[in-house]
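In full-length UniProt numbering, the protein residues as written are 1 to 95. This report concerns only the one structure given below.
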């Protein structure tokens with residue numbers, strides 16, 4: 001079974017135009033974001049449509065999880081395509 005990382009959130013259904021700075025601005029109001037990591041295809045170097053956002057504390061991550069999951073990001077002018085994002089606690093890869 002994969003281990004859950006309570007400080008890190010998995011964000012999916014992102015536009016290929018969304019970048020790390022936009023996500024940091026979007027998630028920062030919920031707490032101290034320490035890292036934003038976008039998954040990129042090794043061959044094309046294009047975003048895969050998901051990202052990992054890490055917070056300083058699990059309390060901040062949980063607050064974000066409750067507030068952001070399924071929220072339309074078109075309300076934020078720095079986001080594109082009016083996409084609906086999904087936020088969940090990240091898991092380590094299965095060994």
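The beta-carbon is built from N, C-alpha and C at its ideal position, and this holds for glycine as well.
Query, Result
"Test item: CB-CB of residue 9 and residue 83 under 8 Å", "no"
"Rounded C-alpha distance that separates residue 43 from residue 36", "21 Å"
"Proximity below 8 Å, CB of residue 40 to CB of residue 68", "no"
"Residue 144 in three-state terms, based on DSSP", "Nothing about residue 144 can be reported from this structure: the residues present for the chain run from 1 to 95 only."
"Where residue 62 sits in the DSSP three-state scheme", "helix"
"Beta-carbon spacing of residue 58, residue 11 below 8 Å", "no"
"Cut-off 6 Å between Cβ atoms - residues of its own chain near residue 24, not counting five sequence neighbours on either side", "33 and 36"
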